[in-house]
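Here this note's numbering is used: the first residue of the sequence shown is 218, the next is one more, and so on.
This report concerns only the one structure given below.
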Amino acid sequence: MLFFELLRVAIGKQSYLSHTPSEQEWRELFKESTRQTVLGVTYHALSLLPADQRPPRKIIVDWHASAQKIIYDNKRLNHEAVWISDRFRKVGFRNAVLKGQGNALLYPDPFLRTSGDIDIWLDGKRDEIIAYVTRFFPKIKVQWQEVEFPVKKDVCIEVHTIPALMFHPGDRHRMEVYFDQHRDEIFNNETELPGEEGKISIPTLRVNLTFQLIHIYRHIFNEGIGLRQLIDYYYLLQQCIKEDRLDLLPETATMVQQLHMSRFVGALMWVMQEVFYLQESLLILPADEREGRFLLREIMLSGNFGHYDSRNRHKQDKWGNFWQQTIRNMRFLTRYPREVIWNPWYRLTQFIWRKKKNYN
Numbered sequence: 218m219l220f221f222e223l224l225r226v227a228i229g230k231q232s233y234l235s236h237t238p239s240e241q242e243w244r245e246l247f248k249e250s251t252r253q254t255v256l257g258v259t260y261h262a263l264s265l266l267p268a269d270q271r272p273p274r275k276i277i278v279d280w281h282a283s284a285q286k287i288i289y290d291n292k293r294l295n296h297e298a299v300w301i302s303d304r305f306r307k308v309g310f311r312n313a314v315l316k317g318q319g320n321a322l323l324y325p326d327p328f329l330r331t332s333g334d335i336d337i338w339l340d341g342k343r344d345e346i347i348a349y350v351t352r353f354f355p356k357i358k359v360q361w362q363e364v365e366f367p368v369k370k371d372v373c374i375e376v377h378t379i380p381a382l383m384f385h386p387g388d389r390h391r392m393e394v395y396f397d398q399h400r401d402e403i404f405n406n407e408t409e410l411p412g413e414e415g416k417i418s419i420p421t422l423r424v425n426l427t428f429q430l431i432h433i434y435r436h437i438f439n440e441g442i443g444l445r446q447l448i449d450y451y452y453l454l455q456q457c458i459k460e461d462r463l464d465l466l467p468e469t470a471t472m473v474q475q476l477h478m479s480r481f482v483g484a485l486m487w488v489m490q491e492v493f494y495l496q497e498s499l500l501i502l503p504a505d506e507r508e509g510r511f512l513l514r515e516i517m518l519s520g521n522f523g524h525y526d527s528r529n530r531h532k533q534d535k536w537g538n539f540w541q542q543t544i545r546n547m548r549f550l551t552r553y554p555r556e557v558i559w560n561p562w563y564r565l566t567q568f569i570w571r572k573k574k575n576y577n
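Below is the structure:
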């Protein structure tokens, strides 16, 4: 696929495309880059291509304009990430920014990763964290693992009481124990953001290898996953080579097995090899082609967070959303039964929990 070739050029796995795209093909590449929220990544690829393979000037201008907005958004979010981290620290909450601006640091150009929300994990009891947020926003919707904190009009800030979520109660408990064991390691991992914005804490490489797999896995059952999340994980794996920490991969594999995610991770490893030519030495588990082909089809159908998936009707009422997600997840039942079966039960218990606590 030509789109995959362009991504490989961007990450340095390919020097040129198999053929020079027509203007229409370039428009399709731009469109798919938008669907997968990797416009900045593919923009970087344009400068690496031979001159005779680059798109027409008009398309380059459009791509450049989009890239400039991505750069602007990253600078703004870097500033806001430092600001919100400092705010929580001053009121007594140690914290760490998850994914997002931390992931961008792994890219050749940290300003060309398409940014999203600011997800921040606070060190504290769940009730204390929620009480702090609802003191300012009493009508905000509260969830077990996160609550929105709309203190800035143009930035979505999600406050996490736990970094990630799993539906199966046993797996969720094992996951939470894992994060508790590495709590100090994460909150003490201060990292400088580009542009002299300041420092934030982010998960260490050890924790990120497991955490981001859980995060990608969860999105299968919610909205869907896109290639931006996979590029994030590709660069995370490359960091194991840069830091000479290949010893972390067997440790990650053990945690994956304990969380009953082996089938998914095997599929993901195949996709990473198929799309990004991931090195054999960086495989967490053996690549599973059969499962990987299924996963790749889902990724290409869904686009970023499932926004382009025609199978999602996005019902507006609560019960409509509940049944839509339940029906949608049935296609994963034979592959990931633990999460599919326990998803409705988790959502029901969350509904009861919110009612008991009188949360919105």
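Even glycine gets a Cβ: it sits at the ideal position worked out from N, Cα and C.
Please read all numbers here as calculations on a predicted model, not as lab measurements.
Within this structure, are the beta carbons of residue 225 and residue 553 separated by less than 9 Å?
Residue 553 sits away from residue 225, with the two beta carbons spaced by 9 Å or more.
Straight-line gap, residue 517 to residue 349 (C-alpha atoms, nearest Å):
In this structure, the alpha-carbon of residue 517 lies about 40 Å from that of residue 349.
Can you look up residue 336 in the DSSP assignment and give me helix, strand or coil?
Correct three-state label for residue 336: strand.
Is residue 223 closer than 9 Å to residue 251 when the C-beta atoms are compared?
No, they are not a contact pair.
Taking buried to mean at least 16 other C-beta atoms within 10 Å of its own C-beta, is residue 269 buried or exposed?
Exposed, by the Cβ-count rule.
Excluding the 5 residues flanking residue 513 on each side, which residues of the same chain have their C-beta closer than 6 Å to its C-beta?
The beta carbon of residue 513 lies closer than 6 Å to those of 488 in the same chain, with the five residues before and after it left out.
Going by the beta-carbon positions, is the gap between residue 395 and residue 472 smaller than 9 Å?
A contact, by the Cβ cut-off of 9 Å.
Going straight from the alpha carbon of residue 417 to that of residue 498, what length do you get?
Spanning the alpha carbons of residue 417 and residue 498 requires a straight line of approximately 31 Å.
Residue 281: first and last residue of the uninterrupted alpha helix (DSSP H) it sits in:
First-last of the alpha helix (DSSP H) with residue 281: 274-307.
Between the region 294-311 and the region 230-241, do at least 3 Cβ pairs fall closer than 8 Å?
No contact exists between the region 294-311 and the region 230-241.
Residue 274 to residue 286, Cα distance in whole Å?
About 19 Å.
Residue range of the beta strand (DSSP E) that includes residue 313:
Residue 313 -> beta strand (DSSP E) spans 312-315.
Can you give me the C-alpha to C-alpha distance between residue 359 and residue 465, rounded to a whole angstrom?
Spanning the alpha carbons of residue 359 and residue 465 requires a straight line of approximately 35 Å.
Helix, strand or coil: how does DSSP classify residue 418 here?
If DSSP states are grouped into helix, strand and coil, residue 418 belongs with the strands.
Own chain residues within Cβ distance below 7 Å of residue 483, not counting five before or after
Take residue 483, set aside five residues on each side of it, and the residues of its chain with a beta-carbon closer than 7 Å to its own are 502, 503, 504, 505, 508, in chain order.
For residue 334 and residue 374, I'd like the C-alpha separation in whole angstroms.
C-alpha separation (whole angstroms): 6 Å.
Measure the alpha-carbon distance for residue 443 versus residue 519 and round it to whole angstroms.
Rounded to whole angstroms, residue 443 and residue 519 show a C-alpha spacing of 7 Å.
Leaving out the 5 sequence neighbours to the left and right, which residues in its chain are closer than 7 Å to residue 296 when beta-carbon positions are compared?
Same-chain partners within the cutoff: 414.
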